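This report concerns only the one structure given below.
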Amino acid sequence: MVSPPGEYFLSSANASSQVLPLRVDALVKCFGAVTAVDGITLELRSGECLGLLGPNGAGKSTLIRSIVGRVIPDAGTISVFGARADSTAARNALGWVPQELALYPRLTCRENLHAFGRYHGLGGKALDEQVERCLGWATLADRADELVKNLSGGMKRRLNMAAGLIYQPKLMLMDEPTVGVDPQSRNHIFEMIEKLRDEGMSIIYTTHYMEEAERLCDRIAIVDHGKIIAEGTHAELVESAFGSRSQVVARFSGDGGGDPSDRLAAWVAERGGQSVDGVVQFTVDRPTEIAGLLEGSAKAGFELIDVSLRKPNLESVFLHLTGRELRD
């Protein structure tokens with residue numbers, strides 16, 4: 006079996022274990038009147054997968070593009086293993102998997118990887134070996150001589166990821182690598198990333214899918230409107246927002262007397278809850294509090310459709326902090 010590229014990076018990564026793979030300090034980037042990144046500070050630890058979780062337009066991709074040098078920040082600093090982000094040392098240490106496919110459709114999978122390897126100074130036997138390793142890691146060895154234009158969307162995504170690893174970087178930036186793929190392909194990509202993470206690769210992973218962050222990331226930074234609004238492990242984020250409390254999730258229908266959705270939203274807000282797209286959420290200390298909520302809703306003229314009690318998750322945290330759904 007071909008080993009994942011990650012294990013070939015460990016010796017060089019360990020040499021830099023005393024230096025943080027990535028540090029971003031007070032980063033700001035504006036596009037006209039829009040502040041895409043608004044004073045973000047974060048650190049990536051050695052061997053860690055750090056998730057940047059937030060809706061489209063939150064500033065995640067601008068942050069990633071600033072780190073790889075595609076966007077010039079207006080303020081702040083970025084260092085990669087202690088080197089300035091715009092230095093040769095930093096560029097050599099960074100691998101980037103962009104949202105957009107960066108492949109040559111009229112070349113084969115093998116030819117694409119050879120091309121990207123040569124761009125980064127690889128050649129000869131070392132390049133050939135790395136191409137085969139990356140094809141194996143992406144489970145594309147049987148499609149190595151297939152033209153990229155003939156591949157499925159999921160296969161193209163996997164090849165796109167392999168191209169970012171061909172020159173053996175020590176730090177990987179993955180910008181929503183599962184965009185536009187089917188559930189089976191998405192799970193395949195998860196397995197690829199888990200192999201890298203298990204081998205000790207340092208990874209920044211951006212997504213607006215809560216379940217991806219929960220599965221893949223050791224620590225999570227929630228980004229909204231260009232700011233990091235919360236940071237920690239999954240458990241730490243939930244504990245910080247909700248403590249030991251639980252969530253009541255319910256759907257109601259109104260009986261007239263004005264716009265039912267407006268009336269319901271007002272009733273929910275008065276009781277400290279939130280209502281998004283007809284789904285009502287309350288935070289309770291004890292399950293017995295559900296009875297009082299249901300009694301109050303009936304008196305207000307709202308008919309219960311369904312109700313459930315659950316433990317808060319990352320999406321609950323995001324809604325609690327921002328008042329809107331994760332994917333808005």
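Mapped onto our numbering, the consecutive letters of the sequence shown carry residue numbers 6 to 333. Think of the CB as a built atom: it goes at the ideal place given N, C-alpha and C, for glycine as much as any other residue. It should be emphasised that the depicted structure is a prediction, and the values quoted were computed from it without experimental measurement.
Do LYS34 and THR67 have their CB atoms nearer than 8 Å? Translated into positions along the sequence shown, residue 34 becomes position 29. Translated into positions along the sequence shown, residue 67 becomes position 62. Yes, these two residues count as a Cβ contact at 8 Å.
The stretch 162-173 touching the stretch 183-198, judged by at least three CB pairs closer than 8 Å: yes
Just list the residues that DSSP pairs GLU48 with in beta bridges. Within the sequence shown, residue 48 is the residue found at index 43, counting from 1. Answer is ARG28.
Excluding sequence positions up to five away, which residues of its chain have a Cβ less than 7 Å from the Cβ of GLU53? Within the sequence shown, the letter at position 48 stands for residue 53. Excluding positions up to five away in sequence, the list reads SER207, ASP223 and ARG224.
With C-beta atoms as the reference, is GLY37 less than 8 Å away from GLY231? Position 32 of the sequence shown holds residue 37. Position 226 of the sequence shown holds residue 231. Cβ atoms of GLY37 and GLY231: not closer than 8 Å.
Would you say VAL253 and LEU324 are within 8 Å of each other, going by their C-beta atoms? Taking the first residue of the sequence shown as 1, we reach residue 253 at position 248. Taking the first residue of the sequence shown as 1, we reach residue 324 at position 319. Result no, Cβ atoms of VAL253 and LEU324 do not sit closer than 8 Å.
Check the C-beta distance from THR212 over to GLY56 and give it rounded, since I have them as a contact under 8 Å. Reading the sequence shown from its first residue, position 207 is the one you call residue 212. Reading the sequence shown from its first residue, position 51 is the one you call residue 56. Right, the Cβ-Cβ distance comes to about 6 Å (below 8 Å), so this counts as a contact.
So the alpha helix (DSSP H) LEU106 belongs to, where does it begin and stop? In the sequence shown, residue 106 corresponds to position 101, counting from 1. Under the DSSP assignment, LEU106 falls outside any alpha helix (DSSP H); it carries neither an H nor an E label.
For THR113, which residues from the same chain have a beta carbon less than 8 Å from its beta carbon, with the 5 sequence-adjacent residues on both sides left out? The sequence position of residue 113 within the sequence shown is 108, counting from 1. Cβ within range, chain order: ALA149, ASP150, GLU151, LEU152 and VAL153.
Local conformation of MET177 per DSSP, three classes: Within the sequence shown, numbered from 1, the residue matching residue 177 stands at position 172. In the structure shown, MET177 sits in a strand (DSSP, three-state: E or B).
According to DSSP, is THR183 part of a helix, a strand, or is it coil? The residue labelled residue 183 in the question sits at position 178 within the sequence shown. Three-state result, THR183: coil.
Could you check which residue in ALA146, TYR124, ARG115 and VAL322 has the C-alpha nearest to that of VAL243? Counting from 1 along the sequence shown, the entry for residue 243 is found at position 238. Considering only alpha carbons, the answer is VAL322.
Entirely within the stretch 253-298 and at least 3 residues each: give me those beta strand (DSSP E) ranges in chain order. For secondary structure counted as the beta strand (DSSP E) over 3 or more consecutive residues, the stretch 253-298 holds these complete runs in sequence order: 279-281 and 284-289.
Taking the beta carbon of ALA271 as the centre, do at least 16 other beta carbons fall within 10 Å, making it buried, or is it exposed? In the sequence shown, counting from the first residue as 1, residue 271 sits at position 266. Burial call: exposed.
Just list the alpha helix (DSSP H) runs in the stretch 71-150, keeping only unbroken ones of 4 residues or longer that don't cross its boundaries, in chain order. 93-98, 114-124 and 129-142
Could you tell me how far apart the beta carbons of PHE257 and PRO317 are, in whole angstroms, since I believe they sit closer than 8 Å? Working through the sequence shown from its first residue, we reach residue 257 at position 252. Working through the sequence shown from its first residue, we reach residue 317 at position 312. The Cβ separation is near 21 Å, so there is no contact.
Specify the secondary structure class of ASP333 as computed by DSSP and reduced to three states. For this step, residue 333 is matched to residue 328 along the sequence shown. Unreliable positioning characterises ASP333 in this predicted model, as indicated by a pLDDT of 46, which lies under 50. A coordinate reading is not provided.
Please name the residue in GLY205, GLY44 and ALA218 whose C-alpha comes closest to that of PHE195. As a first step, residue 195 must be located in the sequence shown, where it is residue number 190. It is ALA218 whose Cα lies nearest to the Cα of PHE195.
Check whether the Cβ atoms of MET197 and VAL102 sit closer than 8 Å, and answer yes or no. Position 192 of the sequence shown, counting from 1, holds the residue named residue 197. Position 97 of the sequence shown, counting from 1, holds the residue named residue 102. In this structure, VAL102 does not lie closer than 8 Å to MET197 by Cβ.
If you compare alpha carbons, which of ARG75, ILE77 and GLU48 is closest to VAL85? For the purposes of this step, residue 85 is identified with residue 80 of the sequence shown, where counting begins at 1. It is GLU48.
On the DSSP bridge list, what partners appear for ALA235? Numbered from 1 along the sequence shown, position 230 holds the residue referred to as residue 235. Note: ALA235 sits in a beta bridge opposite ILE227.
When the distance is taken between beta carbons, is VAL228 closer than 8 Å to GLY62? If you number the sequence shown from 1, residue 62 lands on position 57. If you number the sequence shown from 1, residue 228 lands on position 223. No.
Residue burial classification, VAL284 (beta-carbon count within 10 angstroms, cutoff 16): Your numbering for residue 284 matches position 279 in the sequence shown. Exposed.
Per DSSP, GLY56 forms a beta bridge with which residues? If you number the sequence shown from 1, residue 56 lands on position 51. According to DSSP, which records beta bridges pairwise, GLY56 is partnered with TYR210 and ILE225.
ARG162, DSSP secondary structure in three states: Along the sequence shown, one-based indexing puts residue 162 at 157. Residue state for ARG162 is assigned as helix, using DSSP reduced to three classes.
With DSSP as the reference, label LEU156 as helix, strand or coil. As a position in the sequence shown, residue 156 is number 151, starting the count at 1. Three-state DSSP puts LEU156 in coil, outside helix and strand.
Can you tell me the Cβ-Cβ gap for GLY122 and LEU132, rounded? I've got them flagged as a contact below 8 Å. Residue numbering aside, residue 122 sits at position 117 when the sequence shown is read from its first letter. Residue numbering aside, residue 132 sits at position 127 when the sequence shown is read from its first letter. So it is a contact: roughly 5 Å between Cβ atoms.
Going by alpha carbons, who is nearest to ALA41 out of PRO26, ARG70 and ASN155? For the purposes of this step, residue 41 is identified with residue 36 of the sequence shown, where counting begins at 1. Nearest of PRO26, ARG70 and ASN155 to ALA41, Cα basis: ARG70.
Under 8 Å by Cβ, that's how I've got PRO78 and LEU32 pegged, so tell me the actual separation to the nearest angstrom. The residue you call residue 78 lines up with position 73 of the sequence shown. The residue you call residue 32 lines up with position 27 of the sequence shown. Yes, they are in contact, since the Cβ atoms of PRO78 and LEU32 sit about 5 Å apart, within 8 Å.
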